[in-house]
Amino acid sequence: MFLQNTFNTIAFSPAEWMGLPKNYSAHGDSVGHMIDVVTWFMIALFVGWTLFFLYSLFRFWHKKNPEASYYGVKSHLSTHLEVGVIIVEAVLLLGFALPLWSKRTDTFEQVLKENPVRVRAIGFQFNWKFHYAGEDGKFGYIDRSLVSAPGDPCIVPEDPNGWDDFVTEKLRIPVGKPVILQVTSTDVIHNFSIIPMRIQSDAFPDKDIPMWFTPLEEMETSVVCGQLCGLGHANMVSTLVVESEKSFNEFSKQRSDESKAESKKLHGEKVAVAE
Ligand code: CUA
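Be aware that the sequence shown starts at 81, since it is given in my numbering, and climbs by one per residue.
Quick look at the structure:
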């Protein structure tokens with residue numbers, strides 16, 4: 081609490097100074113705050129070690145110390161200091177980092193109750209595809225062994241839950257509603273990152289990793305890959321559009337209806353039964 085108050089009273093934000101773009105998500109300020117706190121600690125370490133380095137240059141200058149000491153340091157001060165550092169770091173990790181992380185991950189159940197938009201973000205060399213659950217709100221059953229093309233959502237064709245699912249090139253979401261993104265990949269490890277929303281997660285080919293945020297304003301920005309994944313890594317950029325709920329609902333309904341019509345052709349009567 082004391083630390084937080086101290087840092088809140090410092091108006092200067094090193095993260096902003098170093099180019100962190102404006103925040104657009106509900107939880108984002110706390111992430112920016114954490115980056116600031118860590119940066120202040122790094123600045124303190126940099127200044128401290130630089131001063132110690134300069135002190136050592138003069139203190140152990142060869143002209144002042146013509147004979148080498150074969151005993152070195154005799155006091156136990158450095159050992160005590162090292163044990164002290166280990167204790168402080170253990171307290172930071174067990175007392176602060178883990179409880180704060182579990183508090184954040186525990187909100188998942190809460191987000192689920194708020195009728196979130198659910199999208200799967202599928203990375204591949206070298207772009208993203210977005211798999212929406214459609215109007216029924218349920219993803220079709222996923223079988224990763226079915227992968228037929230880069231970015232394939234791998235929906236089992238027989239599962240009726242997947243018949244209104246649709247896939248897009250751009251990520252479109254409504255403003256002011258929580259979004260759960262399930263991040264995955266169809267080839268190597270990528271990293272899904274939207275800096276203005278302060279979210280980032282690795283994308284693994286064998287897992288869907290959920291993460292969530294609530295966009296605060298209508299806007300458009302880039303979705304980038306944050307993990308070196310091959311020669312095209314730097315071009316692995318897609319687009320996020322945050323739009324009004326009305327406009328999003330129209331888009332979602334239209335694409336969902338199109339998929340359903342397509343499935344009707346493929347599966348014939350069975351679609352009518354599923355409805
Ligand atoms: Cu995908 Cu870098």
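Heads up, the beta-carbon is just placed ideally off N, CA and C, and yes, glycines get one too. Since we're looking at a predicted model, the values are computed, not measured.
Among the options, which residue has its Cα nearest to the Cα of residue i?
{"i": "E325", "options": "T294, S302 and L308", "result": "T294"}
{"i": "G152", "options": "F140, K144 and V163", "result": "F140"}
{"i": "D232", "options": "P240, D239, D223 and A177", "result": "D223"}
{"i": "G217", "options": "F126, N195 and H270", "result": "N195"}
{"i": "V191", "options": "P258, D244, D288 and K209", "result": "P258"}
{"i": "K209", "options": "R252, M277 and V236", "result": "R252"}
{"i": "M277", "options": "G99, V111, S332 and S318", "result": "V111"}
{"i": "S318", "options": "A201, E338, N329 and F284", "result": "A201"}
{"i": "G249", "options": "H211, L125, D282 and F284", "result": "Note that residue 249 is Glu in the sequence shown, not Gly. When each option's Cα is compared against that of E249, the closest is H211."}
{"i": "M122", "options": "A170, F133, P94 and L172", "result": "P94"}
{"i": "A283", "options": "S339, C305 and E298", "result": "C305"}
{"i": "K193", "options": "W292, A106 and D116", "result": "W292"}
{"i": "F219", "options": "S339, F92, F133 and D109", "result": "S339"}
{"i": "F92", "options": "H107, H113 and G108", "result": "H113"}
{"i": "S273", "options": "S265, V303 and D109", "result": "V303"}
{"i": "I115", "options": "G164, E323 and I275", "result": "I275"}
{"i": "V68", "options": "E330, N329 and E297", "result": "Residue 68 cannot be examined here, being either before or after the span of the chain that is shown, 81 to 355."}
Would you list the one or two residues that DSSP bridges to residue i?
{"i": "K333", "result": "Looking at the DSSP assignment, K333 forms no beta bridge with any residue, so it has no partner."}
{"i": "P290", "result": "Q262"}
{"i": "F204", "result": "N207"}
{"i": "S281", "result": "F272"}
{"i": "Y212", "result": "V199 and F246"}
{"i": "I222", "result": "I235"}
{"i": "V321", "result": "R252 and E300"}
{"i": "C305", "result": "F272"}
{"i": "P295", "result": "S105"}
What separation, rounded to the nearest whole angstrom, lies between the Cα atoms of residue i and residue j?
{"i": "K102", "j": "W181", "result": "23 Å"}
{"i": "E342", "j": "S336", "result": "10 Å"}
{"i": "L174", "j": "V118", "result": "17 Å"}
{"i": "V255", "j": "L320", "result": "12 Å"}
{"i": "K345", "j": "P240", "result": "13 Å"}
{"i": "G214", "j": "E300", "result": "22 Å"}
{"i": "Y135", "j": "P146", "result": "18 Å"}
{"i": "V353", "j": "K287", "result": "With a pLDDT of 49 at V353, under the threshold of 50, the modelled position of this residue cannot be trusted; read the value that follows with caution. The alpha-carbon atoms of V353 and K287 are separated by roughly 32 Å."}
{"i": "V127", "j": "T159", "result": "22 Å"}
{"i": "K154", "j": "Y104", "result": "55 Å"}
{"i": "F188", "j": "Q280", "result": "16 Å"}
{"i": "Q262", "j": "T130", "result": "44 Å"}
{"i": "I289", "j": "H156", "result": "48 Å"}
{"i": "S332", "j": "V199", "result": "11 Å"}
{"i": "V168", "j": "P230", "result": "47 Å"}
{"i": "W120", "j": "P285", "result": "37 Å"}
{"i": "A367", "j": "T185", "result": "A question about residue 367 goes unanswered here, because the residues of the chain that appear run from 81 up to 355."}
{"i": "C234", "j": "E96", "result": "40 Å"}
{"i": "W197", "j": "I260", "result": "Going by the sequence as given, residue 197 is Val instead of Trp. Taking the straight line from one Cα to the other gives about 6 Å."}
{"i": "V171", "j": "H107", "result": "25 Å"}
{"i": "K183", "j": "V227", "result": "36 Å"}
{"i": "F176", "j": "I166", "result": "15 Å"}
{"i": "L137", "j": "V163", "result": "26 Å"}
{"i": "H347", "j": "S265", "result": "28 Å"}
{"i": "P30", "j": "Q334", "result": "Nothing about residue 30 can be reported from this structure: the residues present for the chain run from 81 to 355 only."}
{"i": "S225", "j": "G99", "result": "42 Å"}
{"i": "K144", "j": "L161", "result": "27 Å"}
{"i": "N329", "j": "Y221", "result": "23 Å"}
{"i": "F133", "j": "S327", "result": "60 Å"}
{"i": "Q25", "j": "D109", "result": "Coverage of the chain is limited to positions 81 through 355, which leaves residue 25 absent and any answer about it impossible."}
{"i": "P178", "j": "A148", "result": "It is worth fixing the name first, because residue 178 is Leu in this sequence and not Pro. Cα to Cα, the separation comes out at about 47 Å."}
{"i": "H44", "j": "M316", "result": "Summary: the structure shown does not reach residue 44, with the chain confined to residues 81 through 355, and so no result is reported for it."}
Any beta carbon from chain C within less than 8 Å of residue i's own beta carbon?
{"i": "A314", "result": "Although the question refers to chain C, the structure presented lacks it and comprises just one protein chain."}
Using a Cβ distance threshold of 8 Å, determine whether the stretch 263-271 contacts the stretch 243-251, with at least three qualifying pairs required. no
Could you tell me whether the stretch 198-206 touches the stretch 311-328, where touching means 3 or more Cβ pairs closer than 8 Å? yes
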